[in-house]
Every structure is written in structure tokens, then in C-alpha cells.
Amino acid sequence: MLATGIGIAPQAAAAASGVPATVRRYAPYIYLAPGELYLPADAGNYVANSSLAWSRDGNCPDDTVADAGTVDPAKLGGGGYQHRIANSACIDHGRQWRSNDHTRPGDTKPGVPEREGFFLQSPDRYTGGQSLTAPAYFEYHPHQYVTYWFFYNFNDAPGPTNFFDHQGDWERITVRLNKNDRATAVAYFQHTGSCVVPWGQAGKHDGQPLAYSALGTHATYPSRFSPTALADGLASDTIGRGDAWSTAGHLLNARTQPWFGFGGAWGQVGSAPDSTGPLGPSRFKGAVPRDWSKQC
């Protein structure tokens, strides 16, 4: 079982004292769905308890790069781990790909076969996460935006199939800022898309934007009455007012985390991209929506 992160909350609370006022002001207040089993988690704990491996194409066996408990987060985010792709005889060849290159298995990336790439693998795919004291991570660009990232150890898709389940789950919302660093809109991300609510129309809790996290998938919605997306092509997300997670006291700067920039998968490799661990905060995963005009 993964570490639960006991003792992390005071660290996160202390770190929040150095958080920019704008970031703290707009930190979201999140309602988890009733019955949620996979709670917010500490990404650093996930790295510390995972192994790092390279997925190989075809019939070539995967290669363990670092055993569980030995992954160095600074090497992970800084490109200190390297590997090459395999040929048809399962012999490594060509350039060395670094752990901060885009190598997530299942993605289309120049020079790397689709199936090949780095991935973290948790020793327990059913871990429930930490608790409502888990950190939320932010990327702040003054006068432009602040994005809040949320990590969960597992994505449990609804419906009769587990084909879309996967280890690791990164979700986010983005608050758009004007030249005075005041909020003008909030973008909520669901699966492969996002939608935007003007700041004046967004739900608030003591001035902080409300977000509703979907059961199992953790996609974010602006209201418990929001039309929900098809989470796996068979069943829709479920949202509601379960436990409340106030992120304002648990904020950490994503860009100062040693694992920031890892370009592989945060989770084991499945039979398809949707069942493979996602990309995490990095230059390969945009922090803002592609289209600020798409309304929720």
C-alpha cells in the first residue's frame, strides 16, 4: 500500500505562508462526489513509492529503470534518467531519451514509438489517496492566470467496464487574471476538454471559486447541476456535494517541485492511451485551456 502522507498537512500549511496573495485568494473550494473512494493525494508520495520503468514496443519486455522506493524526484523532473528505444530484436539503440522529454507511452511524439516511454508504477493500484489535507499545486503567471493542479492516485471510470481506469490522475482548474491580477474567468477541465465561466457567474465559497469533482474520474465542473461529460463512452460522470476540500491552506508551487517536468506517464501502461497513466504538470501539458471562449 502506498504511504498515506501522514504529516504532510503541516508542511503544506507552512508552505502556504509563502504563497502569493493572488494564488491564495483564488484557491478553489472543491466538493468531492458523495461516495468518493479515491481522495486527493500527494504527488511526491506517489513518486517516492513508485518504480520507474521504460515501456517497450512489440514483444520486448519493459525495463525497470529504478525500483520502487528509489526514484529520485529531482532526476525524474530534471532529465537525469535516460533510456533508448528497442529495435525488433529488443536491443536498445539510437539517442538517449531523458525523463524530462515527452515520452509518455500512448502519445504521439517525434522519434519515439507510440508504446515506448517512461512510466511510474505504483505498487498498489487501488490506493485511496491521502485525505482532504493533501496539497494542491499551482502555476502562477501574474496578470495572466493561475492554474491549480490536483493529484489522485487512481482514476476509476464509471460504467460496466474498467477499460478506462488507470493509475495516477492529474486534474486542474484555471483562473484567468487581468492586468490588475484580478479574476475574470474560471476554466474547468473534463477529460479531453474544458469550459469557461465568467468570474461574476462562477459559484463561490467565501470568495473562492467552487468546483465539483466527478466520482472516480475527478473531472471538474462549475456546479452540481452541470451537464456532465461521458467519462468512458458508456456512462456519464457523477457529481454532488460530498466532502469539501478547501485547497487554500494546502498550496505548493508546482514549478518548484523536483518532479516537475517529468514527461512520462504517471501510472502503469494500459492497453490504450486512456488506460495509461497521464502526463503531469510539465511543458507538455498545457496549464490553460486552448479556447477561453467555450462557455460551460
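In our numbering, the protein residues as written are 322 to 617. No residue lacks a Cβ here, since even glycine has one placed at the ideal position from N, Cα and C. The structure displayed is predicted, hence computed values, not measured ones.
### Query
With 16 other CB atoms within 10 Å as the buried threshold, where does residue 474 fall?
In the assembly as shown, residue 474 is a buried residue. Its beta-carbon has 16 or more other beta-carbons within 10 Å.
### Task
Could you tell me the distance, in whole angstroms, from the CA atom of residue 426 to the CA atom of residue 594?
Answer to the nearest angstrom: the Cα atoms are 7 Å apart.
### Message
With DSSP as the reference, identify every bridge partner of residue 466, one or two as the case may be.
### Response
Partner(s): 462 and 497.
### Task
Give the DSSP bridge partners of residue 473, in chain order.
361 and 490
### Query
So residue 347 and residue 467 are in contact, right, with Cβ under 8 Å, and what is the actual spacing, rounded?
6 Å
### Query
Does the beta-carbon of residue 421 have 16 or more other beta-carbons within 10 angstroms, so that it is buried, or is it exposed?
buried
### Query
Leaving out the 5 sequence neighbours to the left and right, which residues in its chain are closer than 6 Å to residue 552 when beta-carbon positions are compared?
478, 479, 538 and 558
### Query
Quick one: what's residue 574 bridged to in DSSP?
459
### Task
Could you give the DSSP three-state label for residue 372: helix, strand or coil?
strand
### Query
With C-beta atoms as the reference, is residue 388 less than 7 Å away from residue 372?
yes
### Query
What did DSSP end up calling residue 322 once you bin it into helix, strand or coil?
Confidence is the limiting factor: at residue 322 the pLDDT is only 36, short of 50, which leaves the residue's position unreliable, though a coordinate-based value still follows. Residue 322 falls in the coil class under three-state DSSP.
### Query
How should residue 322 be labelled, buried or exposed, when 16 other C-beta atoms within 10 angstroms of its C-beta is the threshold for buried?
With a pLDDT of 36 at residue 322, under the threshold of 50, the modelled position of that residue is not reliable, and no figure is offered here.
### Message
Short of 6 Å in beta carbon distance, which residues of its chain neighbour residue 324, apart from the five on each side in sequence? Order them along the chain.
### Response
Low confidence applies to residue 324: its pLDDT is 39, below 50, so where it sits in the model is not reliable, and the reading given next is rough at best. Once the five neighbours on either side are set aside, the close Cβ partners of residue 324 are 366 and 370.
### Task
Give a yes or no on whether the C-beta atoms belonging to residue 535 and residue 560 are separated by under 7 Å.
yes
### Query
Should residue 317 go down as buried or exposed, given a rule of 16 or more other Cβ atoms within 10 Å for buried?
In the structure displayed, the chain extends from 322 to 617; residue 317 sits before or after that span and is not available.
### Task
Taking only the alpha-carbon atoms, compute the straight-line gap between residue 508 and residue 364 and give it to the nearest angstrom.
23 Å
### Query
Start and end of the alpha helix (DSSP H) containing residue 395?
394–399
### Message
To the nearest angstrom, how far is the alpha carbon of residue 564 from that of residue 416?
### Response
Rounded to the nearest angstrom, the two C-alpha atoms are 48 Å apart.
### Query
Between residue 497 and the rest of its own chain, which residues show a CB-CB distance below 6 Å, the 5 nearest in sequence each way excluded?
Around residue 497: 466, 505 and 506.
### Coarse secondary structure for residue 559, derived from DSSP in three states
In this structure, residue 559 counts as coil in the three-state DSSP scheme.
### Task
Classify residue 564 as helix, strand or coil using the three-state DSSP reduction.
Note: residue 564 maps to coil in three-state DSSP.
### Query
Considering only C-alpha positions, which residue in the set 412, 529, 385 and 360 is nearest to residue 503?
529
### Message
Among 368, 525 and 555, whose alpha-carbon lies nearest the alpha-carbon of residue 544?
### Response
525
### Query
How should residue 355 be labelled, buried or exposed, when 16 other C-beta atoms within 10 angstroms of its C-beta is the threshold for buried?
exposed
### Query
Are the region 428–439 and the region 451–466 touching by the rule of at least three beta carbon pairs closer than 8 Å?
no
### Message
Are the CB atoms of residue 588 and residue 601 within a distance shorter than 7 Å?
### Response
no
### Query
Does DSSP put residue 580 in a helix, a strand or coil?
coil
### Query
For residue 481, is the classification buried or exposed, using 16 other Cβ atoms within 10 angstroms of its Cβ as the cut-off for buried?
exposed
### Message
Are the CB atoms of residue 568 and residue 349 within a distance shorter than 7 Å?
### Response
yes
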